[in-house]
Amino acid sequence: MMRVTFLGTGTSGGVPMINCDCAVCRSHNPKNKRLRCSLMVEVDGKHLLIDTSMDMRQQFLRFPFPKIDAILYTHAHADHIFGLDEIRRFNYLQKERIPAYGNRSTLERLLKVFDYAFQDSDKDILPGIPNLSAHLIEKTTEIKSVPVTPVPLLHGQGETLGYRIGNFAYCTDVSKIPESSFALLKNLDILVLDALREKPHPSHMSLDEAIAVAQKIEAKQTYFTHMNHIIDHERHSRLLPEHMAFAYDGLRLELE
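Mapping the sequence shown onto our numbering, position 3 (from 1) lands on 3, and the numbers just tick up by one.
See below:
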């Protein structure tokens with residue numbers, strides 16, 4: 001049994017945005033309140049966190065989890081990594097280092113920005129300092145006995161990683177999926193896909209682009225994430241084809 005929890009489904013500015021008076025930012029619908037993107041995957045008692053968002057503290061207070069066994073990074077943009085310092089609490093409670101996985105460019109940026117968090121493995125676990133180990137992931141890898149497959153994606157001029165775990169795949173911050181990566185996304189029960197807004201964007205899929213890609217992948221169910229304040233959950237949900245929906249903060253899904 002696998003369970004996934006959406007900790008955040010918003011773009012880098014979050015929703016509502018600062019100093020915005022638009023209808024979505026003023027909305028009282030809780031599904032229009034979006035923290036920065038992050039996801040927890042639970043498999044056989046293991047907790048795999050995808051990205052340490054800028055809102056990580058708020059997310060874990062709202063949706064508590066007892067531990068983090070590993071972190072899977074999609075890429076090193078601020079909204080996906082700047083909660084890393086919050087890992088120190090889990091280090092202290094678990095009395096152990098936590099492994100972090102990503103592609104080469106992501107790990108290089110993490111080691112530069114958070115150099116203090118990647119120290120010698122035999123150092124003491126201190127309450128005020130996060131302690132992680134960096135691991136390059138380029139092919140299917142067993143992480144805490146859970147097989148994880150990285151899915152290379154394009155994010156404008158940059159590269160990101162999606163992740164496939166069983167028949168679930170998470171592909172955020174993507175403008176295009178390379179043809180070679182579509183082979184890694186066959187026979188999915190659930191696909192999570194970037195759908196920033198209605199209009200095209202240089203580094204994210206628009207809603208129409210995301211729908212077209214979802215139709216090509218043909219997962220049993222697709223959920224869209226990383227939405228900005230143009231996307232109104234109720235109104236835009238009426239525009240979606242069958243077996244597609246917008247994710248929202250706190251949404252929990254279970255898979256066999």
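Heads up, the beta-carbon is just placed ideally off N, CA and C, and yes, glycines get one too.
Q: Spatial neighbours of His80 within its chain, please: CB distance less than 8 Å, with the 5 preceding and 5 following residues excluded, ordered by chain position.
A: Cβ neighbours of His80 beyond the five flanking positions: Arg36, Cys37, Ser38, Asp51, Thr52, Ser53, Tyr73, Thr74, Asp173.
Q: Look at the alpha carbon of Leu110 and the alpha carbon of Ala76, and state the distance between them as a whole number of angstroms.
A: Cα to Cα, Leu110 sits roughly 7 Å from Ala76.
Q | Pick from Phe65, Thr9, Ala23, Ile18 that is closest to Glu42, judged by C-alpha positions | A | Phe65
Q | Three-pair Cβ contact test at 8 Å for the stretch 153–172 versus the stretch 91–108 | A | The answer is yes - the stretch 91–108 touches the stretch 153–172, with three or more Cβ pairs under 8 Å.
Q | Straight-line gap, Leu185 to Gln215 (C-alpha atoms, nearest Å) | A | 12 Å
Q: Within 10 angstroms of the Cβ of Ala78, are there 16 or more other Cβ atoms? Answer buried if so, exposed if not.
A: exposed
**Q.** Per-residue burial, Glu138 [other beta carbons within 10 Å of its own, 16 or more giving buried]
**A.** Looking at its Cβ environment, which holds fewer than 16 other Cβ atoms inside 10 Å, Glu138 is exposed.
Q.
The alpha helix (DSSP H) that contains Tyr92, what's its start and end?
A. The continuous alpha helix (DSSP H) containing Tyr92 extends over residues 87–94.
**Q.** Where the beta strand (DSSP E) containing Thr106 begins and where it ends
**A.** First-last for Thr106: 104–113, but that is the alpha helix (DSSP H), not the beta strand (DSSP E).
Q) Less than 9 Å separating the beta-carbons of Phe168 and Ala195? A) no
Q. When the Cα atoms are used, what is the spatial distance from Thr24 to Phe114?
A. Before going further, note that residue 24 is Val rather than Thr in the sequence given. Cα-Cα distance, rounded: 35 Å.
Q. Which of the three DSSP states, helix, strand or coil, is assigned to Lys176?
A. strand
Q: Would you decide whether Asp44 is buried or exposed? Buried here means 16 or more other CB atoms lie within 10 Å of its CB.
A: exposed
Q: Report the residue from Met227, Glu86, Lys199, Met244 whose alpha carbon sits nearest the alpha carbon of Leu191.
A: Cα-wise, what sits closest to Leu191 is Met244.
Q | Cβ-Cβ separation, Ile217 to Phe182 (assumed contact under 8 Å), whole Å | A | About 7 Å separates the two Cβ atoms, so the contact holds.
Q: Kindly list the residues whose CB is nearer than 6 Å to the CB of Asn228, restricted to its own chain and excluding five residues on each side of it in sequence; keep chain order.
A: Thr11, Leu196, Arg197
Q) Roughly how many angstroms separate the alpha carbons of Leu61 and Leu49, rounded to a whole number? A) 15 Å
Q | Exposure of Ala212, with buried meaning 16 or more beta-carbon neighbours within 10 Å | A | exposed
Q | Nearest-angstrom Cα separation, counted from Phe118 out to Asn131 | A | The C-alpha of Phe118 is placed about 6 Å away from the C-alpha of Asn131.
Q. Under a CB-based cut-off of 9 Å, is Ala219 close to chain D?
A. Judged by its chain identifiers, the structure shown contains no chain D, having just a single protein chain.
Q | Where Leu126 falls, given that 16 or more other Cβ within 10 Å makes a residue buried | A | exposed
Q) What are the boundary residues of the beta strand (DSSP E) that Leu84 is part of? A) According to the DSSP assignment, Leu84 belongs to no beta strand (DSSP E), since it is labelled neither H nor E.
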